[in-house]
Every structure is written in structure tokens, then in C-alpha cells.
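To start, the structure itself, in C-alpha cells.
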Amino acid sequence: MRDWMKMAGIRSSEITDQRVFQKRRQLLQASVAAGMTGLIAGSAQAKSESVPINGTIIKSPYRAEEELSSKKTITTYNNFYELGTDKGDPERYANRLETKPWSVVIDGECAKPGTYTLEDIIKPHPIEERIYRMRCVEAWSMVIPWNGFSLADLIKRVEPNSKAKYVAFETVVQDDLPGIRRSVLEWPYREGLRMDEAMHPLTMLSMGLYGEELLGQNGAPLRLVVPWKYGYKSIKSVVRISFVESQPDTSWNLSAPGEYGFFSNVNPDRSHPRWSQAKERRLSGDAGGLAALFSSKVETRFMNGYADEVASLYEGMDLQKFH
Ligand code: MTE
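Count along the sequence shown from 1, then add 428; that gives the number in this note's numbering.
The following block contains the structure:
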């Protein structure tokens, strides 16, 4: 309780919690947008049906050549702990995620901090399709046709200064999400990149896949995609991007520092303390759910096959230590 509240004799229970307040405000705005039709809750939730991306999608030269994972696999076999820890939970509870309206706070060491609407963030950028291999730390992988643009293009717009050495990201915290009530991880889910990693052209902000807007389970309406790192770096449903001087905390590193380092580059030569990272189960085609257990194993590639593009970022670093 703040000192001024004590002084004024106000009990903290009388103060509306900031998140409750924000949520009420969001619902109110959504209800106005919906023309008070009574469809308030539905209009505020993440989409559970496919909505094609508006406008032209440019095919980028970043195109992994392997067989694509099917839309079904990509949208039904997920990790999104705010929605539950079972691989099917994110799809099951995706409609509890409220994504309208959505804004992203950009703050810290930059010339143009502020609260940006989703449209402010996306609109200036041509949308690309990039086919990336994605490798989860749990040793399965998918090949995903993402839609979005380089994070670097957004970063340039907000003009970070010379103190900005890292970029920190946070996911939305909504009390109605089933995972939020359990303390599996510290919320908000947090991730971070070194500035040169964030500025690398492969690093993407994504708002869709397969030419359709992201569904809740994949991190609607906006997520990070970093293809040479384990999947947990690719933080979903981003609401805050901060430019900071020192290495930011990350959720997985906070929960198990011996298992999950800050860099998290895919490295078949560095085992996780509890399992090898030398191979992965490739979930091609429709191999979601139980089929995942039986799908074929392929060799894991250093930096997930993106070493030609990104290995120079880590020159001279001991990658066993800085994992
Ligand atoms: N982002 C948030 N906010 N919460 C999460 O639990 N899981 C991460 C990452 N981003 C996660 C997250 C992990 S472990 C993986 S493997 C990828 O999302 C999975 O992305 P996908 O479900 O779209 O394939």
C-alpha cells in the first residue's frame, strides 16, 4: 500500500487493481466498437477461426526447403503456459485470450517511447512469408510459414540510443487465462535478446502464419520468432518491448538457470542437463498430438541450420558456457 493512500485513510481494497481497471476499459472500448450489440465478450477474444491476412504478402528469400508442418499440427500442438501446460491446452483455451484492443508499450532507451496500437506497429511494414525451421528445447521441431516482418524495422522506427544494449519483451497477463492462476513460471512471461540479435534480419515479429492471422494458441496478435534459438525465446502475445542497458531476466532462466541460459542457441553439441539435443522429432505434415511420439527423428543442426547467417554474432564466445 502506498504511503499517500495510508495518509489519506484509503484501504487498498478500495483501489481498483490496475489490471482490472485496464480490462474493464478494454471491454468498454470493445463494446463501443461492437456497436453495443451484446457480442462484447466474443468481439474481444482471440480468433478461433481462420481470418486471411489483409493485403499483399511478399515471399521472402528465407525459405527452409523441408516439408511444411500442417496448419493443424502448428495450431494444435503448442506451448503457451499461460493457457496450460498440456500441448492441447493452448488450442482448448485460446478463446479466453482477449486480443482486442491490443497495444504494445515501447519504452526504455529510445527516442520514441509510447503506447502503440497493433495497427501502429504493423501497418508501416510490408508483410512477408518466411519459411523457418523452429526447434523446441523439448527436441521436436516444425517447419512454419510465418507472416510478418523483421523486428529490426520496428526498432529503427523508435530510434534506440547507445545505452540500449538489450531488448526485453513481456507477454500479456490476463487473470482469466487458466495457466496464470498457477505459478509454473513467473508471470509475465519474459524474454530478451542482445541488441545485435534483435537487429538481425532473421528475427521476426509475426502476426500470422499460412496467410492467416495468428490464432490465440500461436501467440495472437503479435509474437516474436527467432529461428536459430530454442522455441521458448519466441515469446507470444507481446505487450511490452523495452530497450535496456543490462541483460534482462527471462522466465525460463529464472525458473531453472542451470537448464535454460540467456542465449539459448540451438546446439546439438550441448546437451540439456536431462536429455540430449543431438536429434529432434520433425513434426511434418499432420504429425501433431500422439503422432508426435512416433514421427521420424532428424539430426539437429548447429544454430538450427542458420549458422551461415548468425554464427558471426557469437564469435569468440564459449558456447558451452554462454548457452
Ligand atoms: N510465450 C509465452 N508467452 N508463453 C509460453 O509458454 N512458450 C514458448 C514459446 N513462447 C511460451 C511462449 C515455447 S516453450 C515454445 S516451444 C514456443 O512458444 C511454441 O510456439 P508454438 O506453440 O507457436 O509452436
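From the three backbone atoms N, C-alpha and C, an ideal C-beta is built for every residue, glycine too.
Under the three-state reduction of DSSP output, D603 falls in the coil class, being neither helix nor strand.
Cβ atoms of P696 and E727 come within 8 angstroms of each other, at about 7 angstroms. In the DSSP assignment, L637 falls outside any alpha helix (DSSP H) and lies within the beta strand (DSSP E) extending over M632 to L637. Note that the C-beta distance between L633 and F577 is below 9 angstroms.
Counting along the chain, no beta strand (DSSP E) covers P518; the unbroken alpha helix (DSSP H) around it starts and ends at D517 to Y521. Note that the C-beta distance between N681 and K664 is not below 9 angstroms. Taking C-beta atoms as the reference points, W530 and L546 count as a pair closer than 9 angstroms. E566 has its CB nearer than 8 angstroms to a heavy atom of ligand 1.
In this structure, DSSP gives K707 an extended state, which the three-state scheme calls strand.
When DSSP reads this structure, T545 sits in a beta bridge with S531.
Counting the other Cβ atoms within 10 Å of the Cβ of N482 gives fewer than 16, which makes it exposed. In the structure shown, E737 falls within a helical segment according to DSSP collapsed to helix, strand and coil.
Counting along the chain, I572 sits inside the beta strand (DSSP E) bounded by residues W568 to S578.
Looking at the backbone, the Cα of D603 and that of L582 are separated by about 29 angstroms.
Taken from the Cβ of N506, at least one heavy atom of ligand 1 lies inside 8 angstroms. Residue environment analysis places T484 among the exposed positions, since fewer than 16 neighbouring C-beta atoms fall within 10 angstroms of its C-beta.
Residue state for R558 is assigned as strand, using DSSP reduced to three classes. Counting of Cβ neighbours within 10 angstroms places N589 among the exposed residues, the total staying below 16.
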